[in-house]
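Below is one structure, written out as structure tokens; comments come after it.
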Amino acid sequence: MAVRYALALLAGILFAGFCALGTWQVKRLFWKLDLIERVEQRVHAPAADAPGPAAWASITQQTDEYRHVRLSGTYLPIFNTLVQATTALGSGYWLMTPLRLADGSTVLVNRGFVPKREGIAASTPAGIVHVDGLLRVSETGGGFLRENSPATQHWYSRDVAAIGASHMLTNVAPYFVDAKAKSETASDAPVGGLTVISFHNNHLVYALTWFALALMVAGITWWIVREDKRRRARRRTGTQESDHAGQD
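First residue of the sequence shown: 2, per our numbering; consecutive thereafter.
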């Protein structure tokens, strides 16, 4: 009897746990769909002025990533930084150039993809430039199994703070801007507009998996209970037949 109670308790815990996990994944699914919709709205909204120093502290990935922004300033090509990249055009680098704004602040601009290190400074536009692009939150740390090396200027992620510090830049925004396609017209200009907006959304599959496991637990429990009842019924029938035979 104790074994039956223990198995019933285990089955109940498993069933409740799987149902809870399935419900959580459903909530995550609706959260992800809402996030995707909000990002789509940001990307296709009219360009707004990029956040200034007064707003930097409130910038978050959840509320600001992929905002369509515009900004104007002067490029500082002596501080060009190449970040290793793999794109639809192949392997190469993101060309990150600081843009000095009129208020003295600096925003790193990802001007686009370049296939090699040589000849990048010559293609930098001079004078005041106008940049239209998507706000991106800093990528700290480095790449997969590779750490950024500021000392040797080997970069595997667009870590704004580290890149700015390596060039001793001050008043650097905590974000960078991915320039849109054709932001620069020179023949040797970086290729912009390669931002990949992609969200992993497997929550429905996970939810169905958890609910399926809950149903399996319920089905197996029902089968065990049914078979147990049948065995006990057969035992009672056999006992009664034995009693009748003994009386005869």
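Where is the CB? At the ideal position from N, CA and C, for every residue including glycine. Bear in mind the structure is a predicted one, so any value in this text is a computation, not a measurement.
Contained beta strand (DSSP E) runs [length at least 3] in the stretch 21 to 90, N- to C-terminal order | You should have 69 to 76 and 82 to 88.
Between the beta-carbon of Met97 and the beta-carbon of Thr82, is there less than 9 angstroms?
-> What you label residue 97 is simply residue 96 of the sequence shown in a count that begins at 1. What you label residue 82 is simply residue 81 of the sequence shown in a count that begins at 1. Between Met97 and Thr82, the CB-CB gap stays under 9 angstroms.
Who does Glu148 pair with in a DSSP beta bridge?
-> Start at 1 with the first residue of the sequence shown, and residue 148 comes out as number 147. Bridge partners of Glu148: Gly143.
In the DSSP assignment, find the beta strand (DSSP E) that holds Ala180 and state where it starts and stops.
-> In the sequence shown, the residue the question calls residue 180 occupies position 179. Following the DSSP letters along the chain, one finds Ala180 inside the beta strand (DSSP E) bounded by residues Val173 to Ala180.
Which two residues bound the contiguous alpha helix (DSSP H) that contains Ile129?
-> Here residue 129 refers to the residue found at position 128 of the sequence shown. Going by DSSP, Ile129 is part of no alpha helix (DSSP H) but of the beta strand (DSSP E) stretching over Ile129 to Val138.
Taking Gly91 and Pro116 to be in contact with their CB atoms under 8 angstroms, please state how far apart those CB atoms are, rounded to whole angstroms.
-> On the sequence shown, position 90 is the one that residue 91 refers to. On the sequence shown, position 115 is the one that residue 116 refers to. The C-beta distance from Gly91 to Pro116 rounds to 7 angstroms, short enough to meet the 8 angstroms contact threshold.
Kindly indicate which three-state DSSP category Ser167 falls into: helix, strand or coil?
-> Taking the sequence shown and counting its residues from 1, the one referred to as residue 167 is at position 166. Here Ser167 sits in helix by DSSP.
Asp229 versus Lys33 - alpha carbon distance | Looking up residue 229 in the sequence shown gives position 228. Looking up residue 33 in the sequence shown gives position 32. Using only the alpha carbons, I get a separation of about 45 angstroms.
Assign Tyr94 to one of three DSSP states: helix, strand, or coil.
-> What you label residue 94 is simply residue 93 of the sequence shown in a count that begins at 1. In the three-state scheme derived from DSSP, where H, G and I count as helix and E and B as strand, Tyr94 is classed as strand.
Where Arg236 and Ala208 are concerned, what is the direct C-alpha to C-alpha distance, given to the nearest angstrom?
-> On the sequence shown, residue 236 is found 235 positions in, with the first residue counted as 1. On the sequence shown, residue 208 is found 207 positions in, with the first residue counted as 1. Using only the alpha carbons, I get a separation of about 42 angstroms.
According to DSSP, residues forming a beta bridge with Thr107 = Working through the sequence shown from its first residue, we reach residue 107 at position 106. The partner list for Thr107 (beta bridge, DSSP) reads Arg101 and Val173.
Backbone secondary structure at Val226 - three-state DSSP = Working through the sequence shown from its first residue, we reach residue 226 at position 225. In this structure, Val226 counts as helix in the three-state DSSP scheme.
Straight-line Cα distance separating Ala180 from Glu148 = What you label residue 148 is simply residue 147 of the sequence shown in a count that begins at 1. What you label residue 180 is simply residue 179 of the sequence shown in a count that begins at 1. The alpha-carbon separation between Glu148 and Ala180 amounts to approximately 25 angstroms.
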